[in-house]
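**Q** Questions regarding the structure given below will be posed in turn.
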Amino acid sequence: MRGPWPRTAGFGRPARLLMVNQFGINLGFYMLMPYLADHLAHGLGLAAWAVGLVLGVRNVSQQGMFLLGGTLADRYGCKPPILAGCALRAVVFALLAVAESLPVLVAASALTGLAGALFNPAVRAYLAADAGEERRVAAFAAFNVFYQAGILIGPLAGLALLAWDFGAVCTVAAVVFGALAGLQARALPARPPAGRSAGPAWRAVAADWRAVAANRPFLLFAAAMSGSYVLAFQVYLALPLHARGLFGARTGVVTGAVFAVSALAALAGQVKLTAWAQRNLPGPRAVVHGLTVMGAAFLPLLPGTHGTVTGVAALTVCAVLLACGGALLYPFEMDTVVRLSGDRLVATYYGAYNTASGIAVSLGNLAVGALFDTGLRWLPWAVLAATGLGCAALVARLHRAGHLAARPVLAAGRLAAG
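In the UniProt record's numbering, the protein residues as written are 1 to 418.
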């Protein structure tokens with residue numbers, strides 16, 4: 001793999017389609033969501049609490065439904081949840097173009113979250129199965145390049161469409177998701193899981209969830225990795241808050257530039273970082289290195305006060321290191337989840353993993369906000385840096401204790417490929 005873009009020709013057609021699909025998902029989502037709060041507050045005149053309610057409902061809905069989405073993918077195959085999620089997003093985004101009442105907006109927000117919970121675990125489980133054990137890490141590295149490209153281009157496309165109005169943004173985003181649903185309905189092979197239980201669905205699902213809850217190595221890994229999601233989210237929370245304190249009215253421009261630098265760093269570094277790690281590090285050690293880099297990203301901000309030039313430099317260095325650390329660990333993190341599942345109930349495990357990380361982000365953001373309220377400018381950055389280094393130490397300890405080794409495959413309920 002050379003250059004910022006991965007070579008995808010070696011992957012199967014379903015894997016390549018899922019990579020393009022993820023680019024489209026992020027393109028459509030990020031062309032709309034960064035501008036939704038402003039539309040609600042200034043376009044529709046909603047109170048601040050109502051804006052927070054609409055945005056919060058989407059987050060809670062998606063986090064709470066991840067496990068359900070993964071369970072559906074394991075029981076009925078990955079293709080139906082992927083199609084349902086994309087089609088639902090198309091309908092809901094079209095609804096947002098005309099919705100004005102708070103109940104409708106809240107319902108649309110909840111359905112947006114549900115759509116993400118449907119396709120997110122299913123896409124990753126399908127990709128893991130199609131790539132196979134030998135190419136799984138490379139597949140997730142390529143997948144993350146397409147993922148980051150959508151995050152980079154989506155807001156720019158949305159900004160251009162806002163020259164017309166917010167309705168145009170919603171309409172185009174809905175068209176993107178509708179096209180994705182149509183493309184995958186036609187081109188994505190349906191591969192139902194093997195070994196599905198013939199008993200009552202509720203009993204089989206309960207047994208699957210108990211198996212996940214009893215998998216102590218997986219639970220420990222999910223807990224140790226939850227901090228990485230808190231750290232990554234600070235591009236949206238702590239860095240803009242810091243930029244507001246430094247630059248006042250120019251915050252939007254600075255934050256947008258930092259956001260773009262972060263995405264570009266992930267795009268440029270993903271392929272090279274993964275290739276280097278595959279040559280030099282076992283998977284868990286790559287995760288440890290990535291977490292260490294993410295924790296160290298906040299050290300340039302520790303002084304708490306900066307001039308204009310040094311402030312921009314510190315924010316940029318932080319964003320770049322966060323992106324590079326995340327790019328380094330992501331393919332190996334996804335591979336570890338599959339290995340800890342024993343290659344069984346992979347979508348359910350991804351769903352549980354996403355739910356845990358989503359809860360961690362919510363609680364972490366509350367904590368970060370409280371740290372900013374103390375008035376001690378160095379404290380948030382010190383705690384965030386310590387979080388990254390602490391998570392790295394936990395994963396290293398799990399690796400040394402042998403908890404991150406692959407579990408035996410349980411053939412009776414193994415996911416065939418989707």
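Where a beta carbon is used, it is the ideal one built from N, C-alpha and C, also for glycine.
Is it right to say GLY364 is buried, meaning 16 or more other beta carbons lie within 10 angstroms of its own, or is it exposed?
**A** Classification for GLY364: buried.
**Q** Straight-line CA distance for VAL123 to ALA392?
**A** Cα to Cα, the separation comes out at about 27 Å.
**Q** Going by the CB atoms, is the gap between ALA117 and SER226 shorter than 8 Å?
**A** Going by C-beta atoms, SER226 is not nearer than 8 Å to ALA117.
**Q** Spatial neighbours of PHE218 within its chain, please: C-beta separation below 6 Å, excluding the five flanking residues on both sides.
**A** The residues are LEU340.
**Q** Do you know offhand how far ASP208's Cα is from LEU72's?
**A** Their Cα atoms are separated by approximately 11 Å.
**Q** Alpha carbon to alpha carbon, how far is LEU105 from GLY154?
**A** Computed Cα separation, rounded: 22 Å.
**Q** For PRO380, count the other beta carbons within 10 Å of its own beta carbon; 16 or more makes it buried, fewer makes it exposed. Which is it?
**A** It counts as buried.
**Q** With 16 as the cutoff for other CB atoms within 10 Å, does ALA411 come out buried or exposed?
**A** Bear in mind that the predicted position of ALA411 carries a pLDDT of just 40, short of 50, making it unreliable; the figure below should be weighed with that in mind. Counting Cβ neighbours within 10 Å, ALA411 comes out exposed, since fewer than 16 surround it.
**Q** Give the straight-line distance between the Cα atoms of TYR353 and ARG58, rounded to the nearest whole angstrom.
**A** Each residue's Cα considered, the two are about 18 Å apart.
**Q** Would you mind listing the alpha helix (DSSP H) stretches within the region 224-290 that are 4+ residues and don't spill past its ends, in chain order?
**A** Segments of the alpha helix (DSSP H) lying fully in the region 224-290: 238-247 and 251-280.
**Q** Can you say whether PRO282 is buried or exposed, counting buried as having 16 or more other CB atoms within 10 angstroms of its CB?
**A** With fewer than 16 Cβ atoms within 10 Å of its Cβ, PRO282 is classed as exposed.
**Q** By the three-class DSSP mapping on this structure, what secondary structure does ARG344 have?
**A** DSSP places ARG344 in strand when its eight states are reduced to three.
**Q** Got a sec? Which residues, its chain only, sit under 7 Å from GLY167 by beta carbon, not counting five neighbours each side?
**A** Hits under 7 Å: ALA97.
**Q** Would DSSP call ASP130 helix, strand or coil?
**A** Helix, per DSSP.
**Q** Once the 5 residues before and after GLY12 are set aside, which same chain residues still bring their CB inside 7 Å of it?
**A** Cβ neighbours of GLY12 beyond the five flanking positions: ASP130.
**Q** Considering only residues of the same chain and omitting the five flanking positions on each side of VAL287, which have a CB-CB separation below 6 Å?
**A** Taken in chain order, the residues that qualify are LEU329, PHE332, GLU333 and VAL395.
**Q** If you measure from the CB of GLN63, is any heavy atom of the ligand MN nearer than 7 Å?
**A** Among the components of this structure there are no ligands whatsoever, and the ligand MN is therefore not found.
**Q** Across the region 76-95 and the region 177-195, are there enough close Cβ pairs to call them in contact, namely three or more that are closer than 8 Å?
**A** They touch, by the three-pair rule.
**Q** Which residue wins for smallest C-alpha separation from ALA327, given the options VAL51, PHE143 and THR348?
**A** Of the candidates VAL51, PHE143 and THR348, the one whose C-alpha sits nearest the C-alpha of ALA327 is PHE143.
**Q** Look at the alpha carbon of ASN215 and the alpha carbon of GLY56, and state the distance between them as a whole number of angstroms.
**A** Their backbone Cα atoms lie some 30 Å apart in a straight line.
**Q** To the nearest angstrom, how far is it from the Cα of CYS78 to the Cα of LEU127?
**A** When rounded, the distance between both Cα atoms is 10 Å.
**Q** Quick check: what's the CA-CA separation for LEU264 versus PRO192?
**A** Their Cα atoms are separated by approximately 37 Å.
**Q** Closer than 7 Å by C-beta to PHE146: which residues in its own chain qualify, once you throw out the five before and the five after it? Chain order, please.
**A** Only MET19, VAL20, GLN22 and PHE23 meet the Cβ criterion.
**Q** Is VAL258 near ALA204, with beta carbons less than 8 Å apart?
**A** For VAL258 and ALA204, no; Cβs fall outside 8 Å.
**Q** Is the distance from the Cβ of VAL172 to the Cβ of MET31 below 8 Å?
**A** Yes, Cβ-Cβ distance for VAL172 and MET31 is below 8 Å.
**Q** Rounded to whole angstroms, what's the CA-CA distance from SER109 to ASN280? Just pull it up for me.
**A** So the two alpha carbons sit approximately 44 Å from each other.
**Q** Reducing DSSP to helix, strand and coil, say where GLU333 ends up.
**A** In this structure, GLU333 counts as helix in the three-state DSSP scheme.
**Q** Helix, strand or coil for PHE221, going by three-state DSSP, please let me know.
**A** Here PHE221 sits in helix by DSSP.
**Q** To the nearest angstrom, how far is it from the Cα of GLY52 to the Cα of LEU366?
**A** Rounded to whole angstroms, GLY52 to LEU366 spans 14 Å at the Cα level.
**Q** To the nearest angstrom, how far is it from the Cα of LEU267 to the Cα of VAL235?
**A** Going by the C-alpha atoms only, they are around 16 Å apart.
**Q** In angstroms, rounded to a whole number, what distance separates the CA positions of VAL271 and TYR229?
**A** For VAL271 and TYR229, the distance between alpha carbons rounds to 21 Å.
**Q** Using three-state DSSP, classify HIS403 as helix, strand or coil.
**A** Coil, per DSSP.
**Q** Run through DSSP, which three-state label would ASP165 get?
**A** The answer is coil: DSSP assigns ASP165 none of H, G, I, E or B.
**Q** My output table needs one value for ALA15: the three-state DSSP class, helix, strand or coil.
**A** The answer is helix: DSSP assigns ALA15 an H, G or I state.
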